[in-house]
Amino acid sequence: MQTWLFKSEPDVFSWSDLVARGAKGEAWDGVRNYQARNNMRAMKVGDLGFFYHSNEGKEIVGIVRVIAPAHPEAKDETGKWECVDVEAVVPVPSPVSLDAVKANPKLSDMVLVNNSRLSVQPVAADEWKEICKMGGVDLKKLKGS
DNA sequence: GCCAACGTTGGC
DNA sequence: GCCAACGTTGGC
Numbered sequence: 009m010q011t012w013l014f015k016s017e018p019d020v021f022s023w024s025d026l027v028a029r030g031a032k033g034e035a036w037d038g039v040r041n042y043q044a045r046n047n048m049r050a051m052k053v054g055d056l057g058f059f060y061h062s063n064e065g066k067e068i069v070g071i072v073r074v075i076a077p078a079h080p081e082a083k084d085e086t087g088k089w090e091c092v093d094v095e096a097v098v099p100v101p102s103p104v105s106l107d108a109v110k111a112n113p114k115l116s117d118m119v120l121v122n123n124s125r126l127s128v129q130p131v132a133a134d135e136w137k138e139i140c141k142m143g144g145v146d147l148k149k150l151k152g153s
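Numbers given in the numbering used here equal positions in the first sequence, counted from 1, plus 8.
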């Protein structure tokens, strides 16, 4: 399993919006960047990801699961762009802020720090664990879900 | 609201 | 195929 990070402006689509969708989840559409698209193409059903609020909050607030692999966007007439579907899994009990990520030397290689503009990013296994620890996420609970 | 960083577009 | 111009993102 690989892990990822999804960015969204809470004004446009927030963590609570995704929670409200329940098991139906939501298509992660609107991505217009090849790197981000390629990351989505590499995702498998069951992969987990962080949900990050950009602009407002600037913190990791939840954990999502990929529930459908990359598929063409229905609305996209060019046929170039794709999206995966994700559902909310658990909230991060104490959200991990961008400041906290930057302040942690173990996370200095994170894409979030070095390429803040990429909206869908891979997260390394050790980074994943570290942030879960910081946020108070119970990893055992996650596995069983 | 500003601006730096980045990606894309289009003229040559 | 290069690169200047432009648009967008996102931190501050």
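For glycine and all other residues, C-beta sits at the position ideal for the given N, C-alpha and C.
Here the structure is a predicted model, which means the values were calculated and not measured.
Which whole-angstrom value describes the C-beta separation of residue i and residue j, a residue pair presumed to lie in contact below a C-beta threshold of 8 Å?
i           : j           : result
residue 126 : residue 109 : That pair is no contact at about 15 Å.
residue 58  : residue 128 : That pair is no contact at about 11 Å.
residue 138 : residue 112 : 7 Å
Kindly examine the ligand MN and report whether one of its heavy atoms sits closer than 8 Å to the Cβ of residue i.
i           : result
residue 136 : Only the bare structure without any ligand can be found here, which leaves the ligand MN out of the picture.
Does residue i come out as helix, strand or coil in the three-state DSSP assignment?
i           : result
residue 13  : strand
residue 81  : coil
residue 107 : helix
residue 40  : coil
residue 50  : coil
residue 96  : strand
residue 147 : helix
residue 135 : helix
residue 65  : coil
residue 128 : strand
residue 30  : helix
residue 18  : coil
residue 24  : helix
Mark residue i as exposed unless 16 or more other C-beta atoms lie within 10 angstroms of its C-beta, in which case mark it buried.
i           : result
residue 42  : exposed
residue 141 : exposed
residue 20  : exposed
Excluding five sequence neighbours on each side, which residues of the same chain lie with their C-beta closer than 6 Å to the C-beta of residue i?
i           : result
residue 11  : 56, 131, 136
residue 118 : 135
Taking residue i as the reference, which of the options has the closest Cα?
i          : options     : result
residue 72 : 64, 97, 114 : 97
residue 91 : 70, 66, 53  : 53
residue 76 : 31, 18, 21  : 31
Excluding the 5 residues flanking residue i on each side, which residues of the same chain have their C-beta closer than 7 Å to its C-beta?
i           : result
residue 81  : 37, 89, 90, 91
residue 102 : 143, 144
Leaving out five residues on either side along the sequence, give the residues of the same chain with a beta carbon under 8 Å from the beta carbon of residue i.
i          : result
residue 48 : 36, 39, 78, 90, 91, 92, 128
residue 26 : 33, 34, 59, 70, 72, 94, 95, 96
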